[in-house]
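Trainee: In this note's numbering, the protein residues as written are 235 to 756.
All residues carry an ideal CB built from backbone N, CA and C; glycine is no exception.
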Ligand SMILES: Nc1nc2c(c(=O)[nH]1)N[C@H]1C(S)=C(S)[C@@H](COP(=O)(O)O)O[C@H]1N2
Ligand SMILES: [Mo]
């Protein structure tokens, strides 16, 4: 006698059971993703921190971000652009992981998704500038651990295919989930401890003795820095100095590991280490550095007292061949910049900088050595963590940002900015001090003019000029009348050129346009 098919034999899930199953699926997915990242991070500590799957994905995204997005990110998040990237990556991954966990309950789609992600990450890992074949290992081991964790946890999750009796009890699921979670967090933490190279570099920097300069930079005289509250300070403290780079982790390079190789179209290849550098006398120069991504009125410019070795002298040791026209500098993290050789050899203060404002370079600003070339935007000149200088030609080589469409030749454009009063400030009618900075490195600022609403342009008072390679402060006394007013500023450089009125975006060679601010006067 055969029993009639009975609905009783197909276990039905209650709706709370279904919800619980979904919740467990999502948790399993999240924990599996955490396992991939944690285990990957731990394995990476033995290879290279840059081979950690999370960093590989992040760095790959940074390198392939269209410049519009990069500019938007810098505009919106400033130097927090990396934090913003990490947070958005983490959010996308979390959603993806939860979905993978949900799918895994029916078919191993979640595991397949993890394997695909692993393959993509492994390929991306091999493309990293410092990659060796070992770079795939953190991803491979991380993904293997993640798939195991997912299979194990999902086996304990009620689903239409593995209904309640086959599923792990709630208690056993919680225990396994906690175990996987602890494994992921523990692995990530161990990875951090083992990957403490950065701490070694912090200690190395703390011990680093700046050589004495034979040629200290002149003090900034009082008449070059008017005493106006809110006006940008003439020398930018290192902590306030804008930071722009593609490095998700600050490259960890100690002064004893550091070498600078100079080669290419030279008479000989030479290598400098700090012992060899210490036989030379560094100079000190106050120079204003500017980022090409700076918007009109933006703050991606800063002035510091740089201690360094004249690049022309270092290149002289290698002997530059006359048909070369580019200096291709390379950072330990693979970033490159193409600098016109003429700018390095024409007598300006192009430096291999090792000190900033009387201290070794901060890690984020290139410790232990970087380039500074007055008059050129940072992306074509200011390579941080620099380890290699190749003398070459523009018709043979390109660099990180020029590969992405930015201009080959990028002299800094004349710019001016209103700092005081603050944007949208309300000020009392009567005398008001308006003040700001202007820069035109290599040419120098000859004048700054201010316009209220559509009135005539009026000359601002220029503070003393420190040098043509630094910004210049200006003030203007305004007799403010009640109402809403727009104040505009423009600079004239020593070549006689007035700053361009036309508003253009930073891409591909730097923004142009006059800065204006609106104030309410009561
Ligand atoms: N290694 C490395 N060096 C780099 C960059 C980079 O991405 N990587 N960015 C350049 C750019 S675009 C600028 S504007 C300056 C910024 O230097 P700062 O961060 O010290 O202000 O560094 C330059 N040097
Ligand atoms: Mo830049």
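Got a sec, what are the start and stop residues for the beta strand (DSSP E) residue 750 sits in?
Mentor: Here the question's residue 750 lines up with position 516 in the chain shown. Start and end: 749-755.
Trainee: At a cut of 8 Å, does the region 631-641 reach the region 668-677 through at least three beta carbon pairs?
Mentor: No: fewer than three Cβ pairs fall under 8 Å.
Trainee: Is it right to say residue 403 is buried, meaning 16 or more other beta carbons lie within 10 angstroms of its own, or is it exposed?
Mentor: Stepping through the chain shown from its first residue, residue 403 is reached at position 169. Residue 403 should be labelled exposed.
Trainee: Helix, strand or coil for residue 241 per DSSP?
Mentor: Numbered from 1 along the chain shown, position 7 holds the residue referred to as residue 241. Low confidence applies here, because residue 241 scores a pLDDT of 40, under 50, leaving its location unreliable and the question unanswered by this model.
Trainee: Given a threshold of 16 other Cβ atoms within 10 Å of its Cβ, counted over all protein chains shown, does residue 658 qualify as buried or as exposed?
Mentor: Taking the chain shown and counting its residues from 1, one reaches residue 658 at position 424. The residue is exposed, with fewer than 16 neighbouring Cβ atoms inside 10 Å.
Trainee: Suppose you measure from the CA of residue 567 to the CA of residue 604; what does that come to, to the nearest Å?
Mentor: By 1-based counting over the chain shown, the position of residue 567 is 333. By 1-based counting over the chain shown, the position of residue 604 is 370. About 13 Å.
Trainee: Would you call the region 254-267 and the region 327-343 in contact, with 3 or more CB pairs under 8 Å?
Mentor: Counting Cβ pairs under 8 Å, three or more are found: they touch.
Trainee: I need the straight-line Cα distance from residue 243 to residue 314, nearest angstrom please.
Mentor: Numbered from 1 along the chain shown, position 9 holds the residue referred to as residue 243. Numbered from 1 along the chain shown, position 80 holds the residue referred to as residue 314. Any answer about residue 243 is weak, because its pLDDT of 42 lies below 50 and its placement is not dependable; what the coordinates show is given next. Approximately 58 Å between the Cα atoms of the pair.
Trainee: Count the C-beta pairs between the region 690-708 and the region 443-461 that are closer than 8 Å, then say yes if the count reaches three, no if not.
Mentor: Flag = yes, the region 690-708 and the region 443-461 touch.
Trainee: Return the first residue and the last residue of the alpha helix (DSSP H) that residue 387 is part of.
Mentor: Taking the first residue of the chain shown as position 1, residue 387 is located at position 153. Its alpha helix (DSSP H) spans residues 371-389.
Trainee: Any heavy atom of ligand 1 closer than 8 Å to the CB of residue 301?
Mentor: Position 67 of the chain shown, counting from 1, holds the residue named residue 301. Because no heavy atom of ligand 1 lies under 8 Å away, the Cβ of residue 301 does not count as near it: no.
Trainee: Provide the residue span of the beta strand (DSSP E) that contains residue 727, from first to last.
Mentor: Locating residue 727 in the chain shown gives position 493, counting from the first residue. Per DSSP, residue 727 belongs to the beta strand (DSSP E) from 717-727.
Trainee: From 272, 626, 536, 257, pick the residue whose C-alpha is nearest to that of residue 337; which is it?
Mentor: The sequence position of residue 337 within the chain shown is 103, counting from 1. The shortest C-alpha separation from residue 337 is found at 257.
Trainee: Let me check understanding here. Comparing Cα to Cα, which of 388, 305, 372, 298 lies closest to residue 341?
Mentor: Within the chain shown, the letter at position 107 stands for residue 341. Looking at the Cα atoms, 388 is the closest of the given residues.
Trainee: Using only alpha-carbon positions, find the residue among 542, 635, 377, 752 that is nearest to residue 688.
Mentor: Along the chain shown, read from residue 1 onward, the residue named residue 688 stands at position 454. Closest option to residue 688, Cα to Cα, is 752.
Trainee: Check whether the Cβ of residue 757 lies closer than 8 Å to any heavy atom of ligand 1, and answer yes or no.
Mentor: The structure shown does not extend to residue 757, since the chain is modelled only from 235 through 756, so no value can be given for it.
Trainee: Does DSSP put residue 324 in a helix, a strand or coil?
Mentor: For the purposes of this step, residue 324 is taken as the residue at position 90 of the chain shown. Three-state DSSP puts residue 324 in a helix.
Trainee: Would you list the residues sitting across from residue 586 in a DSSP beta bridge?
Mentor: By 1-based counting over the chain shown, the position of residue 586 is 352. Note: residue 586 sits in a beta bridge opposite 543, 605.
Trainee: Closer than 8 Å to a non-hydrogen atom of ligand 2 - does that hold for the CB of residue 520?
Mentor: Taking the first residue of the chain shown as 1, we reach residue 520 at position 286. Not so, every heavy atom of ligand 2 lies at least 8 Å from the Cβ.
Trainee: Using the Cβ count rule (16 or more neighbours within 10 Å means buried), how would you classify residue 615?
Mentor: Position 381 of the chain shown, counted from the start, is the residue given in the question as residue 615. Residue 615 is buried by the Cβ-count criterion.
Trainee: For the region 526-533 and the region 581-593, state whether three or more C-beta atom pairs, one from each stretch, are separated by less than 8 Å.
Mentor: Contact between the region 526-533 and the region 581-593 is absent, because fewer than three Cβ pairs lie under 8 Å.
Trainee: Do residue 561 and residue 625 have their C-beta atoms closer together than 9 Å?
Mentor: As a working mapping, residue 561 is identified with position 327 in the chain shown. As a working mapping, residue 625 is identified with position 391 in the chain shown. Yes, they are a contact pair.
Trainee: Go ahead and label residue 479 buried or exposed: buried means 16 or more other beta carbons lie within 10 angstroms of its beta carbon, across all protein chains shown.
Mentor: Taking the first residue of the chain shown as 1, we reach residue 479 at position 245. The residue in question, residue 479, is buried, as its Cβ has 16 or more Cβ neighbours within 10 Å.
Trainee: Confirm the yes/no value for this check: CB of residue 316, any heavy atom of ligand 1, distance under 8 Å.
Mentor: As a first step, residue 316 is located in the chain shown; it is residue number 82 there, counting from the start. No - ligand 1 has no heavy atom lying nearer than 8 Å to the Cβ of residue 316.
Trainee: I need the straight-line Cα distance from residue 684 to residue 651, nearest angstrom please.
Mentor: Within the chain shown, numbered from 1, the residue matching residue 684 stands at position 450. Within the chain shown, numbered from 1, the residue matching residue 651 stands at position 417. About 11 Å.
Trainee: Is residue 678 near ligand 2, judged by its Cβ being under 8 Å from some heavy atom?
Mentor: Numbered from its first residue, the chain shown carries residue 678 at position 444. Residue 678: no, Cβ never under 8 Å from ligand 2.
Trainee: So, at 7 Å on beta carbons, what are the nonlocal neighbours of residue 611 in its own chain, with the 5 sequence-adjacent residues on each side left out?
Mentor: Counting from one through the chain shown, the residue named residue 611 turns up at place 377. Within the same chain, residue 611 has close Cβ partners 524, 525, 526, 644, 646, 744.
Trainee: Return the chain-ordered list of same chain residues with a C-beta closer than 6 Å to the C-beta of residue 380, the five sequence neighbours on each side being excluded.
Mentor: Along the chain shown, read from residue 1 onward, the residue named residue 380 stands at position 146. 266, 269, 270, 348, listed in sequence order.
Trainee: Measuring CB to CB, does residue 617 end up less than 9 Å from residue 648?
Mentor: Working through the chain shown from its first residue, we reach residue 617 at position 383. Working through the chain shown from its first residue, we reach residue 648 at position 414. No.
Trainee: Using a Cβ-Cβ cutoff of less than 6 Å, which residues in the same chain neighbour residue 519 once the five nearest sequence positions on both sides are dropped?
Mentor: Position 285 of the chain shown, counted from the start, is the residue given in the question as residue 519. Closer than 6 Å at the Cβ level, and outside the excluded window around residue 519, lie 451, 540, 583.
Trainee: Residue 522 and residue 704 - do their beta-carbons sit closer together than 9 Å?
Mentor: Residue mapping note: residue 704 aligns to position 470 of the chain shown, counting from 1. Residue mapping note: residue 522 aligns to position 288 of the chain shown, counting from 1. In this structure, residue 522 lies closer than 9 Å to residue 704 by Cβ.
Trainee: Rounded to the nearest angstrom, how far is the Cβ of residue 418 from that of residue 362, given a contact under 8 Å?
Mentor: The residue you call residue 418 lines up with position 184 of the chain shown. The residue you call residue 362 lines up with position 128 of the chain shown. Incorrect: roughly 23 Å between the Cβ atoms, too far for contact.
Trainee: Below 8 Å, is the gap between the Cβ of residue 349 and the nearest heavy atom of ligand 2?
Mentor: For the purposes of this step, residue 349 is taken as residue 115 along the chain shown, with counting starting at 1. Not so, every heavy atom of ligand 2 lies at least 8 Å from the Cβ.
Trainee: Just grab the DSSP bridge partners of residue 706 for me.
Mentor: For the purposes of this step, residue 706 is taken as residue 472 along the chain shown, with counting starting at 1. Bridge partners of residue 706: 672.
Trainee: List in chain order the residues whose CB is within less than 6 Å of at least one heavy atom of ligand 1.
Mentor: My final list is 475, 476, 477, 478, 479, 480, 481, 523, 525, 565, 567, 569, 599, 612, 613, 616, 617, 618, 619.
Trainee: Using only CA atoms, which one of 502, 500, 509 lies nearest to residue 492?
Mentor: Here residue 492 is taken as the residue at index 258 of the chain shown, counted from 1. The residue with the shortest Cα to Cα distance from residue 492 is 509.
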